[in-house]
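Following: one structure in structure tokens, then a few remarks.
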Amino acid sequence: MNAALYLTHYQNDKRPLLRDLVLPLVLEIQARPGIERAYAERHWKFGPHVRLIVQGEDGAMQAALDAAKVQAEAYLAAHPSAAVLDEAAYLARSEKLGTLELEPGPYGPLRPDNSVVVGAAPDRQGVLGSPEAEDFRAQYFAALTPAVLRTLQADTGNTAERLIRLARIFVLYASTYPFGVYSGHISYRSHLEEFLFRQGGGEKLRAAFAQKYAPIRQEVLRAVDGVSSGGRDEVLSLWETQFRRMWPIGRQLADAGLLAADPTATMQRAAAGINPEAQARWAFGPDYQFSEFHQELRKFNISETWYHVEMFSTYRTLMNFMYSVLPLMDISPTERYFVNYMVSEAMQELHGQDWQGFFEQWWVQLREEGVA
1 MNAALYLTHY
11 QNDKRPLLRD
21 LVLPLVLEIQ
31 ARPGIERAYA
41 ERHWKFGPHV
51 RLIVQGEDGA
61 MQAALDAAKV
71 QAEAYLAAHP
81 SAAVLDEAAY
91 LARSEKLGTL
101 ELEPGPYGPL
111 RPDNSVVVGA
121 APDRQGVLGS
131 PEAEDFRAQY
141 FAALTPAVLR
151 TLQADTGNTA
161 ERLIRLARIF
171 VLYASTYPFG
181 VYSGHISYRS
191 HLEEFLFRQG
201 GGEKLRAAFA
211 QKYAPIRQEV
221 LRAVDGVSSG
231 GRDEVLSLWE
241 TQFRRMWPIG
251 RQLADAGLLA
261 ADPTATMQRA
271 AAGINPEAQA
281 RWAFGPDYQF
291 SEFHQELRKF
301 NISETWYHVE
311 MFSTYRTLMN
321 FMYSVLPLMD
331 ISPTERYFVN
341 YMVSEAMQEL
351 HGQDWQGFFE
361 QWWVQLREEG
371 VA
């Protein structure tokens with residue numbers, strides 16, 4: 001059985017709440033007898049909130065949630081959010097987020113600010129594709145809790161430092177890819193190019209990213225090169241331990257066909273329950289447009305056998321899980337894409353090769369192997 005404690009907190013900056021209350025609570029609950037798993041998520045549905053999800057024996061789970069509720073209410077009474085929320089605007093934004101994230105409605109009414117309630121745990125099996133994938137995600141979130149907490153504790157409040165630390169984490173994850181850190185980082189470029197292409201003023205945003213990157217470029221290069229060369233500190237070591245522990249678990253699921261090689265069909269089924277706009281986003285009809293990067297990438301879809309499908313399914317799934325953890329560190333979507341930009345630019349400069357050159361090299365390899 002599982003259930004969740006929902007802490008509604010309208011204030012945008014949730015780092016103190018997460019660092020001082022929620023994540024320590026998760027670790028405390030994880031250590032209780034009869035608890036199978038506990039982890040935290042940040043979400044927007046029914047109002048900005050953090051939810052603490054607990055799985056385990058009924059009695060142990062209820063006792064843990066009751067104790068956590070008392071602590072949460074005391075914390076919010078002492079440290080209340082004082083933010084003002086425009087409910088109509090928030091509900092309109094929730095509709096858009098529901099379309100983008102395939103989160104079904106209704107999205108209201110909003111829970112009151114600083115409220116704490118126990119309720120059913122969210123069900124994301126429809127988007128993840130299988131109960132095994134959903135359980136794997138829960139396992140990932142639970143395992144990463146100490147690393148996320150330690151990252152928050154190391155946060156000095158300097159935005160550039162925070163984003164450079166995240167760049168280190170991204171490079172660290174890319175280094176787990178069996179074909180090497182440069183090949184692994186190409187997924188960051190992929191996500192960046194897709195995001196920029198879907199934005200009306202994508203090139204303007206790219207220019208803004210470039211301007212923001214310029215003054216910290218040398219520091220980013222040192223950070224990326226350091227991690228690529230094996231440099232670790234205490235915080236990165238926590239992340240690396242769990243990244244490497246999760247990989248064989250994910251690979252076993254992928255080998256069993258439980259991590260979809262192509263999530264399109266899963267997303268299309270989920271979109272059917274949202275709205276026509278969500279369905280159109282995942283239709284991929286003849287008029288669907290792709291970025292220059294993805295036009296070139298799609299040319300490699302020449303075979304299903306050489307593609308190492310299970311390996312990439314594992315890598316992609318774990319990367320998406322990592323992205324889902326970022327809101328627990330108060331990282332916004334735009335900041336995440338900026339870090340994708342930072343890592344992509346730094347890797348390209350350090351290796352003396354852009355993505356076009358990488359693709360050309362890939363074609364040479366495929367021809368030598370007789371695939372292309």
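Numbering-wise, the UniProt record's numbering puts 278 at position 278 of the sequence shown, and it's gapless, one number per residue. For glycine and all other residues, C-beta sits at the position ideal for the given N, C-alpha and C.
Inter-residue CB distance, residue i and residue j (contact presumed, cutoff 8 angstroms)
i, j, result
"residue 221", "residue 172", "Actually they are not in contact, since the Cβ atoms of residue 221 and residue 172 sit about 16 angstroms apart, beyond 8 angstroms."
"residue 39", "residue 136", "At roughly 12 angstroms, the Cβ-Cβ gap does not stay under 8 angstroms, so residue 39 and residue 136 are not in contact."
"residue 113", "residue 9", "7 angstroms"
"residue 15", "residue 233", "Not really, about 20 angstroms apart at Cβ, beyond 8 angstroms."
"residue 342", "residue 67", "No, residue 342 and residue 67 are not in contact; Cβ-Cβ is about 41 angstroms, not under 8 angstroms."
"residue 2", "residue 55", "4 angstroms"
Under 9 angstroms between C-beta atoms of residue i and residue j
i, j, result
"residue 242", "residue 149", "no"
"residue 318", "residue 132", "no"
"residue 197", "residue 62", "no"
"residue 51", "residue 42", "yes"
"residue 118", "residue 111", "no"
"residue 239", "residue 169", "yes"
"residue 109", "residue 46", "yes"
"residue 291", "residue 368", "no"
"residue 296", "residue 356", "yes"
"residue 261", "residue 313", "yes"
"residue 217", "residue 329", "no"
"residue 4", "residue 122", "yes"
"residue 359", "residue 300", "yes"
"residue 60", "residue 93", "no"
"residue 146", "residue 27", "yes"
Distance between residue j and residue i (C-alpha atoms, nearest Å)
i, j, result
"residue 266", "residue 29", "33 angstroms"
"residue 190", "residue 323", "14 angstroms"
"residue 64", "residue 82", "28 angstroms"
"residue 157", "residue 345", "25 angstroms"
"residue 205", "residue 231", "32 angstroms"
"residue 186", "residue 73", "44 angstroms"
"residue 70", "residue 332", "29 angstroms"
"residue 53", "residue 79", "22 angstroms"
"residue 90", "residue 6", "18 angstroms"
"residue 244", "residue 176", "7 angstroms"
"residue 223", "residue 215", "14 angstroms"
"residue 95", "residue 107", "7 angstroms"
"residue 188", "residue 354", "13 angstroms"
"residue 252", "residue 138", "16 angstroms"
"residue 347", "residue 219", "13 angstroms"
"residue 210", "residue 249", "38 angstroms"
"residue 75", "residue 282", "42 angstroms"
"residue 192", "residue 226", "23 angstroms"
"residue 88", "residue 48", "14 angstroms"
"residue 77", "residue 270", "39 angstroms"
"residue 298", "residue 286", "14 angstroms"
"residue 352", "residue 174", "18 angstroms"
"residue 134", "residue 263", "14 angstroms"
"residue 57", "residue 268", "35 angstroms"
"residue 383", "residue 350", "Outside the displayed span of the chain (1 to 372) sits residue 383, for which this structure offers no information."
"residue 247", "residue 84", "42 angstroms"
"residue 315", "residue 212", "29 angstroms"
"residue 115", "residue 327", "20 angstroms"
"residue 120", "residue 321", "21 angstroms"
"residue 159", "residue 366", "42 angstroms"
"residue 199", "residue 34", "47 angstroms"
"residue 207", "residue 201", "10 angstroms"
"residue 153", "residue 325", "16 angstroms"
"residue 293", "residue 254", "26 angstroms"
"residue 151", "residue 44", "23 angstroms"
"residue 362", "residue 228", "21 angstroms"
"residue 130", "residue 308", "21 angstroms"
Bridge partner(s) assigned by DSSP for residue i
i, result
"residue 120", "3"
"residue 211", "Paired residue(s): none; residue 211 is not in a bridge."
"residue 56", "35"
"residue 51", "6 and 41"
Residue i beta carbon near the ligand PLP (any heavy atom closer than 8 angstroms)
i, result
"residue 320", "Ligands in the displayed structure: none, and consequently the ligand PLP is not present."
For the structure I just gave you, are there three or more beta carbon pairs, one from the segment 177-186 and one from the segment 115-126, closer than 8 angstroms? no
If we count Cβ pairs, one from each stretch, closer than 8 angstroms, do we get three or more for the segment 336-353 versus the segment 12-23? no
State whether the segment 274-284 contacts the segment 97-109, with contact taken as three or more CB pairs (one from each stretch) at a distance under 8 angstroms. When Cβ pairs closer than 8 angstroms are counted between the two stretches, the segment 274-284 is seen to touch the segment 97-109, the count reaching three or more.
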